[in-house]
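This report concerns only the one structure given below.
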Amino acid sequence: MKATIFLPLALSISVFLPTLASAAPAKPNPAPKLVVVMAVDGLPQEQLVRYREQFGKGGFRRLLDGGAWFSDAHQAHGTTVTAVGHAAILTGAYPNQHGIVSNYWIDRATGQQIYCTEDRNHRYIGEETAPDDGTSPARLRVDTLGDQLRYATGNRAKVVAVSGKDRGAILLAGKGGTAYMYMEDSGNFASSTWYMQQHPQWVQRYLAGKPQDRYYGRKWRPLLADSAYAGDAEGPLFDFSYYSESGKPDAGYYKRLKEGPAVDELTLDFARAAIDGEALGANPAGVPDLLGVSLSGHDYVNHRHGPESKMSHDHLQRLDRMLASFFSYLDQRVGADEWMIVLTADHGFANSAEFSQRQRIDAGRIDGKKMLAGLEQHLAATFNGVKPIANAVPPNIYFDDAAIGKAGLKRADIEAAASTWLLAQAGVADVYTRTRFEESGATGTRQDLLMRRGWHRHESGDLVVVPRAYWAFGSGTSGATHGTPYRYETSVPMIMMGKRWVAPGNYTQYAEVVDIAPTLAALLQVRAPAGAEGRVLTEALRRR
């Protein structure tokens with residue numbers, strides 16, 4: 000029998016205390032008082048890298064140097080457009096769950112085109128409202144981080160989102176937050192009756208000041224010396240002014256504000272007013288608040304001029320200075336160590352087809368109307384005059400199930416005939432069919448994975464057409480666009496900053512925008528949204 004050794008009580012405690020202490024789990028830091036989630040609409044990752052040395056110290060460079068930068072981050076779904084990307088950010092879900100499959104799609108019940116955030120049961124407050132204006136998140140099929148934060152705090156947390164686009168604000172605000180969007184006919188920011196019946200006093204005071212009129216008669220001039228733009232594509236530079244044909248601020252002028260840096264400056268000004276008016280970051284209940292900001296100007300500039308242009312370059316530099324001012328305001332208003340931010344983008348951008356062609360890259364534009372007309376003619380000739388196509392919003396093509404059934408045709412035969420014809424058209428890389436999505440396993444390619452994530456059985460088309468790399472749907476001879484599964488459109492910035500919660504560094508491992516919602520949920524100690532499929536980015540989180 001082994002001898003039993005009895006230690007004095009004090010000694011036995013001293014022996015075991017270090018072991019117990021080292022085994023105790025690390026506790027998370029207290030939650031930030033304000034979480035800011037910012038999307039720069041249409042910002043490719045490569046632009047952030049290309050112009051990094053020209054940024055000032057307080058904007059993008061503050062994020063890159065003092066935050067956790069995931070340099071291989073992606074909007075990991077096939078249709079890379081504004082609504083889809085914004086829906087991913089705070090749901091943590093792909094379109095096959097959140098249901099926002101594009102900016103526009105076809106309602107199968109009516110056969111009519113619908114807009115992603117339209118809701119004819121609601122209207123803008125104090126503004127004219129068209130039937131297809133974006134007024135609610137009713138078509139978003141899942142909840143968001145803000146909804147979970149509201150639930151966890153007994154609706155005491157405040158969730159506010161503001162954007163130059165209605166879909167940018169609404170899809171960040173979720174079901175239970177409050178969205179404010181820029182009105183292009185008046186230059187105001189307005190909410191809708193989904194959220195409230197009338198604006199609070201702070202909004203009314205802001206609107207009374209008419210800050211949007213201060214740009215009238217101004218020109219957009221270069222921020223940097225001419226030599227700074229030497230590497231950009233040739234083209235007109237800064238032939239842009241804020242005016243209207245009437246000689247005074249009107250709807251034409253207010254719409255023009257969206258095409259340059261003014262809309263972003265106004266959005267950030269309104270975000271400041273919201274922070275002050277709602278006391279965001281100073282919640283009397285002692286719970287965190289959430290602010291979503293979507294900056295729309297860069298998307299408009301890139302569409303018009305291309306991401307390779309001098310105008311796009313200058314706009315990003317101006318945005319950098321705006322961010323520096325906004326971050327400084329947050330330091331003073333909320334406290335430098337009391338707020339955190341995640342900055343990302345809803346999608347990247349292709350270069351304009353003409354620019355790519357000058358680089359000897361196979362590139363071009365696919366006229367969707369001509370393609371659809373040719374497809375309808377081919378199918379009618381193939382199937383004895385039957386017209387199996389009901390409608391289309393590229394890249395989605397919808398079948399007329401009633402016509403197919405009445406003619407006794409097989410869906411598989413129509414899919415095969417349509418795919419064969421489409422694949423023979425210039426610029427078409429692939430065609431995904433409903434049968435392929437529903438019955439076939441993935442082939443293992445990244446494109447297959449992204450397209451499958453982007454397809455929703457109720458909202459998406461029966462055919463989804465994928466252009467070849469550097470090709471895109473559209474007509475004309477200038478400008479650029481996006482919407483495909485290629486890396487130049489999926490690769491976006493993703494940076495978290497907040498020194499009490501985030502460990503700075505360049506994290507080169509693969510990450511996705513859907514990781515943002517579960518990561519913030521972990522920091523806020525709330526449930527992740529129900530549809531979230533991303534992971535918690537534990538490698539970038541501090542532990543106390």
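Each residue of the sequence shown is one higher than the one before, starting from 0 at the first, in numbering that gives the first Met the number 0.
Where is the CB? At the ideal position from N, CA and C, for every residue including glycine.
Keep in mind the model is a prediction, meaning the values are calculated, not measured.
In this structure, the alpha-carbon of S311 lies about 34 Å from that of W201.
Distances from the alpha-carbon of T480 to those of G66, S355, G57, V36 put S355 closest. Ranked by Cα distance from E414, the first of S477, V427, Y397, T128 is Y397. Membership of F239 in any beta strand (DSSP E) is not indicated, and neither H nor E is assigned to it by DSSP.
According to the DSSP assignment, L47 belongs to the alpha helix (DSSP H) that extends over 44–49. Counting along the chain, no alpha helix (DSSP H) covers P287, and no H or E run does either. Each residue's CA atom was taken as its position, placing K368 and D249 some 33 Å apart. Taking C-beta atoms as the reference points, M496 and L62 count as a pair closer than 7 Å. The beta carbons of P466 and T483 sit closer together than 7 Å.
A contact between stretches requires three or more CB pairs, one per stretch, nearer than 8 Å, and the region 123–137 meets this requirement with the region 192–210. Between G251 and S243 a beta carbon distance of about 4 Å is seen, short of the 8 Å cut, so the two are scored as contacting.
Annotation for V141: no beta strand (DSSP E) segment contains it, and DSSP assigns it neither H nor E. The alpha-carbon separation between Q211 and D238 amounts to approximately 21 Å.
Excluding residues up to 5 positions away in sequence, H76, R452 lie with their Cβ nearer than 6 Å to the Cβ of Y93 in the same chain. The three-state reading of DSSP puts Q112 in strand, counting E and B together. The continuous alpha helix (DSSP H) containing N301 extends over residues 296–304. DSSP, read as helix, strand or coil, puts I105 in strand. The residues G363, in chain order, have a CB closer than 7 Å to that of A425 in the same chain once the five nearest residues on each side in sequence are set aside. When DSSP states are grouped into helix, strand and coil, P393 belongs to the coil group. Distance check between T419 and each of L139, L462, A520, L42 places L462 closest, using alpha-carbon atoms only. With a cutoff of 7 Å on beta-carbon distance, T81 and N95 are scored as not near each other. When rounded, the separation of the alpha-carbon atoms in D142 and T90 is 6 Å. If the five residues before and after R271 are omitted, its C-beta is found closer than 7 Å to the C-beta atoms of Y328, all from its own chain and listed in chain order. Nearest Cα to A207 within the set V535, E353, F188, P393: F188.
Of the other Cβ atoms in all chains shown, fewer than 16 fall within 10 Å of the Cβ of L422; this residue is therefore exposed. Apart from sequence neighbours up to five positions away, the residues of its chain that approach A151 with a beta-carbon distance below 6 Å are V525, ordered along the chain.
Looking at Y506, A529, P528, the one whose alpha-carbon comes closest to that of L540 is Y506. Under the three-state reduction of DSSP, T432 is assigned to strand. Annotation note: the region 409–495 contains the following uninterrupted alpha helix (DSSP H) runs of length 4 or greater, listed N- to C-terminal: 410–422, 433–438, 445–452, 486–489. Beta-bridge pairing by DSSP links E511 to H73.
In its chain, beyond the 5 residues on either side, Q74, D345, H346 have a beta carbon closer than 6 Å to the beta carbon of G84. D514 counts as buried, since at least 16 other C-beta atoms from the protein chains shown sit within 10 angstroms of its C-beta. Distance between T116 and D165, taken at the CA atoms: about 8 Å.
The beta carbons of Y228 and G186 sit about 29 Å from each other, so the pair does not count as a contact at 8 Å. Between the alpha carbons of E127 and M182 lies a gap of roughly 9 Å.
Secondary structure note for M321: its alpha helix (DSSP H) is the uninterrupted segment 309–329.
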